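Q: Residues in the sequence shown are numbered from 3 upward in steps of one, following the numbering used here.
Beta carbons: idealized from backbone N, C-alpha and C, even for Gly.
These numbers were taken from a predicted model, which means no experiment stands behind them.
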Amino acid sequence: MPIYKAPLEDVRFVLDEIVGVGQLSQLPGYEDATPDLIAQVLDEGAKLCEEVLFPLNQSGDKEGCTFENGVVRTPKGFKEAYDTYIAAGWQGLSCDPAYGGQGLPKLVNAMLEEFICSANLSFGMYPGLSLGAYNALHKYGTEDLKARYLPKLVDGTWSGTMCLTEPHSGTDLGIIRTKAVPQDDGSYRITGTKIFISAGEHDLTENILHLVLARLPDAPAGTRGISLFLVPKFLAKDDGTPGPRNGVACGSIEHKMGIKASSTCVMNFDDATGWLVGEPHKGMRAMFVMMNAARHAVGIQGLGLAEVSYQNAAAYAKERLQGRSVKGAKFPDKPADPIIVHPDVRKNLLTARAYTEGSRALGALVGYHLDLAERHPDARQRQESDEFVQLMTPIVKALFTDIGSEVANIAVQVHGGHGFIWETGVEQYVRDARIAQIYEGTNGIQALDLVGRKMGQDMGRLLRRFFHPLQAELEVDMENEELAEYAIPVAKAFGKLQQATAIIAQKGLKDPEEAAAAATDYLRLFGLVALGWMWLKMAKAAGAKLAAGEGNAAFYDAKLKVARFYMAKLLPQVNTLFITIMAGAKPLMELEDAAF
Ligand SMILES: Cc1cc2nc3c(=O)[nH]c(=O)nc-3n(C[C@H](O)[C@H](O)[C@H](O)COP(=O)(O)OP(=O)(O)OC[C@H]3O[C@@H](n4cnc5c(N)ncnc54)[C@H](O)[C@@H]3O)c2cc1C
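1. Could you please give me the residues that DSSP links to G162 through a beta bridge?
2. Closer than 7 Å to a non-hydrogen atom of ligand 1 - does that hold for the CB of T76?
3. What is the residue span of the alpha helix (DSSP H) that S387 lies within?
4. Tell me where the alpha helix (DSSP H) around F496 begins and ends.
5. Along the beta strand (DSSP E) that carries Y6, what are the first and last residues, could you check?
6. Would the stretch 81-88 count as touching the stretch 139-153 if we require 3 or more Cβ pairs under 8 Å?
7. Leaving out five residues before and five after L485 in sequence, what residues of the same chain have Cβ atoms less than 8 Å from its Cβ?
8. On the DSSP letters alone, give me the boundaries of the alpha helix (DSSP H) that S361 sits inside.
9. Quick one: is W277 near chain C, going by C-beta distance under 8 Å?
10. Would you say the beta carbon of T225 comes nearer than 7 Å to a heavy atom of ligand 1?
11. Tell me, please, which residues DSSP counts as bridged to T582.
12. Below 8 Å between beta carbons: does that hold for F236 and N248?
13. Our contact map puts V343 next to K332 with C-beta atoms below 8 Å; I'd like the distance itself, whole angstroms only.
14. Using a threshold of 7 Å, is the CB atom of C67 nearer than that to any non-hydrogen atom of ligand 2?
15. Pull up the CB-CB distance for G330 and A338, whole angstroms please, since I reckon it's below 8 Å.
16. At a threshold of 7 Å, does Y524 count as lining ligand 1 (C-beta to nearest heavy atom)?
17. Could you tell me the alpha carbon to alpha carbon distance between D451 and P396, rounded to whole angstroms?
18. Leaving out five residues on either side along the sequence, give the residues of the same chain with a beta carbon under 6 Å from the beta carbon of T68.
19. C267 and E208 - do their beta-carbons sit closer together than 8 Å?
20. So, do the stretch 46-58 and the stretch 178-192 have three or more beta carbon pairs nearer to each other than 8 Å?
21. Put V328 into one of helix, strand or coil per three-state DSSP.
22. Sort I40, T225 and A296 by Cα distance to L131 and report the nearest one.
23. Quick one: using the 10 Å Cβ neighbour count with 16 as the cut-off for buried, is P345 buried or exposed?
24. Going by other Cβ atoms of all chains shown within 10 Å of its Cβ, with 16 needed for buried, is D460 buried or exposed?
25. Considering just the uninterrupted stretch of the alpha helix (DSSP H) at P129, what are its terminal residues?
26. When you compare the stretch 306-324 with the stretch 366-375, are there three or more beta-carbon pairs, one atom per stretch, that lie closer than 8 Å?
27. Is any heavy atom in ligand 1 found nearer than 7 Å to the beta carbon of F198?
28. Apply the 10 Å Cβ neighbour rule to L155 and answer buried if 16 or more other Cβ atoms are within range, or exposed otherwise.
29. Please classify Y431: does DSSP put it in a helix, a strand, or coil?
30. Buried or exposed: which applies to W424, given that a residue is buried once 16 or more other Cβ atoms fall within 10 Å of its Cβ?
31. Is Y441 near ligand 1 - that is, is its Cβ less than 7 Å away from at least one heavy atom of it?
32. Assuming contact is defined by CB atoms lying nearer than 8 Å, are T444 and D523 in contact in what I supplied?
33. How many whole angstroms separate the CB atoms of G79 and N122, which I take to be in contact at a CB cut-off of 8 Å?
34. Determine the extent of the beta strand (DSSP E) in which A90 is found, giving its start and end residues.
35. Could you give the distance in angstroms between the alpha-carbon of A400 and the alpha-carbon of M536?
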């Protein structure tokens, strides 16, 4: 049976020592979000995830969703768990109090999302999609639409979806065919088929609000001709209760590799009534609000699965007895030593842990800047934070989900043959983690976003939001004897990142295929440097605590040792990545298509 405990001590360390969460309560509207309150909220969230959601994860995987006569049923226990979730107000945790939300920082919600994804990723899909729909509607909806629909999304009695994908149109949304025809009353008639729609139909809520990309009759071709519409399953009556059924129905659900308790639906829109969200033909802009928040959230899915995978691998490695330490028996009284004595098993565990804790720190820092970008009184700080978030979004999405998948595989490896068996629980994490690398823009597309859009934007202004603070921190830390063993490897890796950036930018100007060919390796290189920065910060904070004799010495000592592992064994991968980036596009492009 798999285990899960929310990593509250590490979360508090990251919030207090890396992010400086105390500053959040200085922001307008966040006055109540003191570190104590945030800790209490996360303690409660941890209980919900450990006691309510986690026990349904394996049974949900086994049972999956079912489809019969247009009705989708979630696995046993999901409806009750969802009711518990919304009754406690978790859905509205970071939502606007004007619509019934609790108005807590987005950072707090991101930390809770990690716990939810560790405990039960399939469950997390339903509230996650609702929050995405809330974000788009909150920013771009008319006052009337907001008043009618937002309170229901916030209290969770209604849920949301995002309907982009069509059978012939996945990554390339410019070719979608769903049509929207204006009506005299200001509404639109939406017709088309969407596929792979998460939470498109289910039995958790009394109504479902679809945010749908479609084309108006006069739409220009490509992504410049896409508009966004709100299409409810049941049209809302004036008193806020569900009214007549709209022309939208689920045609079937997918039978998937993982997240089996999350419904993935074909949705047929047949003259369905909808309302425009945002301006005509500017739907991609509105959808991007949803997608950026969703990309951060999908990155957190990878982190959540990495954490639970690591916990199970570490627990197993301490109890499984096989072989003897190569240095001689460590537990001579036992028939064999626990496998944790073996260097290769330790390498697996430390890799899992270093990636996971590094990602948590980076995800929290980006989450913090999401709040600063929205709330800081100084416009310049808001802009700088927004630029940092924009730059880091593809990295959080792609790096964390790659890590989620890698760490889930590590957990299977540490379990040996038992990891391959369903009952043990870790093979589910491999299957569940795989989708996060694909949806919300595949990881290859995230890399293109980083290289093609973010890197060159405003003469590299976005890059400076990362490069400048890291440079400044390194200059100080390199002079500090205690920190040199962490700061020097990060400085060297950062040098490679700067060189790679300059070369890709230069080559890419002449030949865009050169930049595209480097993109995935560049994103990984960037991500490894970013995690290096986080481990430097964590080593600095842990060292200071140890020196002051404060807190849990074993926790801080472990931080230093994992930081050293990261610098010695993982960060040097930047050198190989640098070499492969330098090899350019030719090795990828010279084999003729027909020869594949
Ligand atoms: C379980 C699940 C849930 C989903 N949930 C939703 C949802 O709620 N709403 C929704 O709208 N969609 C959803 N999707 C769809 C998902 O977002 C798409 O599958 C994804 O965007 C990729 O599109 P595609 O499958 O058509 O692949 P394709 O676009 O056909 O891509 C195939 C491969 O080619 C690569 N590729 C494509 N174009 C390029 C390019 N220009 N440059 C480089 N490489 C390229 C891709 O990276 C990929 O590796 C879901 C999918 C699944 C499986």
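A: Per the coordinate set shown:
1. L211
2. no
3. A381 to V416
4. A486 to K512
5. No beta strand (DSSP E) contains Y6, which DSSP labels as neither H nor E.
6. no
7. D479, L538, A541, K542 and G545
8. P345 to R377
9. Within the model displayed, chain C is absent; a lone protein chain is all it includes.
10. no
11. None; T582 has no bridge partner.
12. yes
13. 5 Å
14. This structure lacks ligand 2; its bound ligands are ligand 1.
15. Their Cβ separation, rounded to whole angstroms, is 13 Å, which puts G330 and A338 out of contact at 8 Å.
16. no
17. 7 Å
18. R75
19. no
20. no
21. coil
22. A296
23. exposed
24. exposed
25. K108 to Y142
26. no
27. yes
28. buried
29. helix
30. exposed
31. yes
32. no
33. Contact flag wrong, Cβ pair sits at about 10 Å.
34. A90 -> no beta strand (DSSP E), and no H or E assigned at all.
35. 17 Å
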